[in-house]
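For reference, the structure is listed below as structure tokens.
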Amino acid sequence: MNERGQKFLEGEYEVAVKTYELQFTHFMGVFYFWIAVMTFPATAGLIASPEIMTPFQFGLLLIFLAALGIFLSAKMFDIRCSQLHYTHNLNQLRDHLYAYAKDGLPPDFEVQFGKDVNLRCVALTDFGMYMALIMSIVSGVYAGLSIYLFLELIWASILVGMVIAVLGVAIYWRFVNKKVPAPG
């Protein structure tokens with residue numbers, strides 16, 4: 000590789016790093032928004048007296064929050080998969096730069112995250128997966144509680160809550176398998 004090629008790859012790497020940073024900032028912004036949207040209205044509904052908010056109204060609030068929670072969770076999962084896509088691109092660039100520079104590096108130096116890292120496995124074992132589980136469970140609890148407030152049937156409440164929680168995790172799983180590049 001000539002010097003022009005190296006400079007080009009280094010420039011591409013800098014652009015990819017900046018894009019990754021923007022994705023991370025966007026991800027955290029949506030996460031903070033999710034925390035506020037999911038906790039404040041539910042807390043206000045719980046501490047409101049029955050004269051201010053009837054159980055039916057609280058149930059409507061919870062079903063709205065559950066739907067909004069699934070939507071925001073899906074948005075976060077999409078951002079997370081985009082981050083992993085950019086990580087894949089970064090790893091490809093790093094591999095090319097390493098191939099060019101490895102003669103000048105110490106003999107025991109190894110690239111930690113090479114081009115063959117399976118980012119799908121990373122996505123299913125890192126903080127993103129735990130966040131997907133927690134966000135899905137919260138949405139499921141809200142949906143289940145709303146059904147209980149509407150129908151007063153505990154079995155329906157549990158069933159709906161579990162379905163919504165599984166739906167959230169399934170969305171994350173689908174995004175990972177569809178949007179995160181396969182290794183190699």
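Mapping of the sequence shown onto numbering that gives the first Met the number 0: position 48 corresponds to residue 47, and the numbering continues sequentially without gaps.
Note that beta-carbon positions come from the ideal geometry of N, C-alpha and C, so glycine has one too.
Being a predicted model, the structure only gives us computed values, none of them experimental.
Residue i - DSSP class collapsed to helix/strand/coil
i: Ile51; result: coil
i: Phe70; result: helix
i: Gly113; result: coil
i: Leu59; result: helix
i: Glu151; result: coil
i: Val179; result: coil
i: Asn1; result: coil
i: Leu123; result: coil
i: Leu104; result: coil
Residues of its chain near residue i, where Cβ-Cβ distance is below 8 Å and the 5 sequence neighbours each way are ignored
i: Trp33; result: Gly68, Leu71, Ser72, Met75, Met134
i: Phe55; result: Leu148, Phe149
Contacts around residue i, its chain only, beta-carbon distance under 7 Å, and the 5 residues preceding and following it disregarded
i: Phe26; result: Met75, Ile78, Arg79, Gln82
i: Ala15; result: Tyr85, Asn88, Leu89, Leu92
i: Phe174; result: Phe76, Asp77, Cys80
i: Val137; result: Met37, Gly68
i: Ala155; result: Ile146
Whole-number beta carbon distance between residue j and residue i, since they are thought to touch under 8 Å
i: His84; j: Leu8; result: Not confirmed; about 19 Å, so no contact.
i: Leu132; j: Val168; result: 6 Å
Proximal residues to residue i (C-beta, below 6 Å), its chain only, five neighbours per side dropped
i: Val159; result: Ala142, Gly143, Ile146
i: Glu2; result: none
i: Lys178; result: Cys80
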